[in-house]
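Residue numbers (full-length UniProt numbering): 1 to 54.
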């Protein structure tokens with residue numbers, strides 16, 4: 001069974017990100033950073049985009 005995976009996302013003018021590309025490895029990826037660095041923004045984007053798939 002193939003499980004879809006997000007390999008890369010591009011964030012442009014979203015929250016703390018002016019223009020950033022985030023690449024993910026297969027398996028578990030951990031997002032870390034200080035306050036205001038955009039961790040919650042990344043999770044929000046995942047949440048809203050993944051909901052559209054199902």
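Glycine included, every Cβ here is placed at the ideal spot set by N, Cα and C.
Item	Value
Could you tell me the alpha carbon to alpha carbon distance between residue 13 and residue 41, rounded to whole angstroms?	11 Å
What residues match up with residue 12 in a beta bridge as DSSP calls it?	19
For residue 34, count neighbouring Cβ atoms within 10 angstroms of its own Cβ and tell me buried if that reaches 16, exposed if not.	exposed
Look at the alpha carbon of residue 32 and the alpha carbon of residue 17, and state the distance between them as a whole number of angstroms.	15 Å
On a CA-only basis, which of 3, 9 and 48 is nearest residue 19? Give me that one, please.	9
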